[in-house]
Amino acid sequence: MEENHTISNSVQELTDIIEEHLEAQSSEEDTNNSPNTSEENFPDILPQNSPTLLIDETTSRFSSAIWYNEIQNEKVILAGVGGIGSYVGFLLGRLKINRLILFDPDRVEIANMSGQFYGASHLGAYKVNALASALMDYAHFYSTYTNSIRYRPSFGTANVMICGFDNMGARKIFFNAWKQRVEALPLPDRCNLLFIDGRLAAEEFQVFAIQGNDTRAIKEYEENWLFDDSEAEETICSYKQTSFMANMIASIMVNIFVNFEANKCNPIVPRDIPFYTSYDASTMFIKMEM
Numbered sequence: 002m003e004e005n006h007t008i009s010n011s012v013q014e015l016t017d018i019i020e021e022h023l024e025a026q027s028s029e030e031d032t033n034n035s036p037n038t039s040e041e042n043f044p045d046i047l048p049q050n051s052p053t054l055l056i057d058e059t060t061s062r063f064s065s066a067i068w069y070n071e072i073q074n075e076k077v078i079l080a081g082v083g084g085i086g087s088y089v090g091f092l093l094g095r096l097k098i099n100r101l102i103l104f105d106p107d108r109v110e111i112a113n114m115s116g117q118f119y120g121a122s123h124l125g126a127y128k129v130n131a132l133a134s135a136l137m138d139y140a141h142f143y144s145t146y147t148n149s150i151r152y153r154p155s156f157g158t159a160n161v162m163i164c165g166f167d168n169m170g171a172r173k174i175f176f177n178a179w180k181q182r183v184e185a186l187p188l189p190d191r192c193n194l195l196f197i198d199g200r201l202a203a204e205e206f207q208v209f210a211i212q213g214n215d216t217r218a219i220k221e222y223e224e225n226w227l228f229d230d231s232e233a234e235e236t237i238c239s240y241k242q243t244s245f246m247a248n249m250i251a252s253i254m255v256n257i258f259v260n261f262e263a264n265k266c267n268p269i270v271p272r273d274i275p276f277y278t279s280y281d282a283s284t285m286f287i288k289m290e291m
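Numbering of the sequence shown is given in our numbering, commencing with residue 2 and proceeding in unit increments.
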């Protein structure tokens with residue numbers, strides 16, 4: 002009996018040793034397999050809300066441009082949305098500016114489809130409303146404010162004003178309203194103002210760009226380019242507009258606007274903002290004057 006008792010004790014001791022060993026091994030495995038949530042062990046982990054998820058996909062192809070943030074904060078008044086203004090408005094909407102304010106009393110007619118940014122579904126609608134609808138469809142742009150009336154200075158001004166009129170009288174009113182805004186500001190702040198005037202025929206165009214701090218350009222524009230309608234060159238009714246030229250002048254005008262915004266970011270090499278740009282489709286000759 003004593004021998005059996007001794008064997009039993011030996012077996013129990015061996016069992017206890019094995020269990021202690023297994024418990025120690027299990028504890029070590031748990032320690033090795035448990036996740037370590039300390040920050041130093043995950044230096045490259047992505048943030049929970051990745052900034053990439055917040056990018057507007059409709060601007061993702063140019064959202065890293067130097068001028069992108071400035072564009073997002075800019076309010077633009079665009080008066081006249083025919084052959085010039087309809088395409089300018091479309092391009093500004095695609096850039097996702099802060100706010101686009103439109104003025105034009107006209108409705109879309111079938112003749113407008115030869116040179117303006119409108120389709121059959123827009124016939125009979127006010128041009129400003131038709132353009133706002135197109136911007137929602139083609140640009141997901143919803144910051145358009147429409148006014149189906151002629152622009153008057155009492156309606157207000159903005160730092161950036163773009164003229165798409167086809168008559169000199171309206172240009173004078175629009176420019177003088179912008180100039181009054183310039184003169185009301187201290188000299189250091191006038192550099193933030195821009196006026197763009199586009200003039201379009203069937204196969205040629207002119208663009209004038211004037212910054213608020215450029216007194217030479219303001220004077221030259223007033224004295225040499227704001228003449229009466231009676232002095233303007235007449236064109237025959239069937240040779241006034243083409244869509245390809247309307248696209249071109251709008252691209253030049255919006256390019257100037259983008260350069261203006263880019264210069265606010267103090268680039269290493271300032272971008273050009275020519276006072277005068279002209280293009281002749283017959284010779285494909287473009288001319289610029291600073």
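Note that CB positions come from ideal geometry on N, CA and C, so glycine has one too.
**Message:** What residue range does the alpha helix (DSSP H) around G170 cover?
**Reply:** M169 to E184
**Request:** Compare the beta carbon distance of S144 and Q117 with 8 Å and say whether it is the shorter of the two.
**Result:** no
**Item:** Minimum C-alpha distance to A250 - residue among I111, A66, E204 and S64
**Value:** It should be pointed out that residue 250 corresponds to Ile in this sequence rather than to Ala. The candidate whose alpha carbon is nearest that of I250 is E204.
**Item:** Helix, strand or coil at C164 according to DSSP, with G and I counted as helix
**Value:** strand
**Message:** With a threshold of 6 Å on Cβ separation, who are the neighbours of A218 within its own chain once the five nearest residues in sequence on each side are excluded?
**Reply:** I211 and F276
**Residue(s) in a DSSP beta bridge with V208** = G199 and T278
**Asked** Can you give, in chain order, each stretch of the alpha helix (DSSP H) that sits fully within the segment 59-122 and has at least 4 residues?
**Response** 69-73 and 86-96
**Asked** Would K288 be called buried (16 or more neighbouring beta carbons within 10 Å of its own) or exposed?
**Response** exposed
**Request:** Report, in whole angstroms, the separation of the C-beta atoms of I78 and A159, which I expect to be a contact under 8 Å.
**Result:** 5 Å
**Asked** With which residues is N148 paired in a DSSP beta bridge?
**Response** F104
**Message:** By alpha-carbon positions, which one of A140, R108, T278 and K265 ends up nearest to A66?
**Reply:** K265
**Request:** Flag this pair as yes or no: are the beta carbons of A80 and G199 separated by less than 8 Å?
**Result:** no
**Request:** Give the DSSP-derived three-state secondary structure of F156 in the structure shown.
**Result:** helix
**Prompt:** Based on the DSSP secondary-structure assignment, which residues constitute the bridge partners of M249?
**Reply:** None; M249 has no bridge partner.
**Request:** Kindly indicate which three-state DSSP category Y222 falls into: helix, strand or coil?
**Result:** helix
**Asked** In the DSSP assignment, what are the bridge partners of E290?
**Response** Y277
**Asked** Does the beta-carbon of T147 have 16 or more other beta-carbons within 10 angstroms, so that it is buried, or is it exposed?
**Response** buried
**Message:** Can you tell me where the alpha helix (DSSP H) holding Y139 begins and where it ends?
**Reply:** K128 to A140
**Prompt:** So what's C192 in DSSP terms, helix, strand or just coil?
**Reply:** helix
**Asked** How would you label F206, buried or exposed, when you count the other beta carbons within 10 angstroms and need 16 or more for buried?
**Response** buried
**Message:** So L195 and F286 are supposed to be a Cβ contact under 8 Å. How far apart are they, rounded?
**Reply:** At roughly 26 Å, the Cβ-Cβ gap does not stay under 8 Å, so L195 and F286 are not in contact.
**Item:** Collapsed DSSP secondary structure at T216 in the structure displayed
**Value:** helix
**Asked** For G90 versus L132, is the C-beta spacing smaller than 8 Å?
**Response** yes
**Prompt:** Just how far apart, CA to CA, sit E262 and M162?
**Reply:** 14 Å
**Item:** Cβ-based burial, T284 [other Cβ within 10 Å; buried from 16]
**Value:** exposed
**Prompt:** Between the C-alpha atoms of R191 and K173, what's the straight-line distance to the nearest angstrom?
**Reply:** 20 Å
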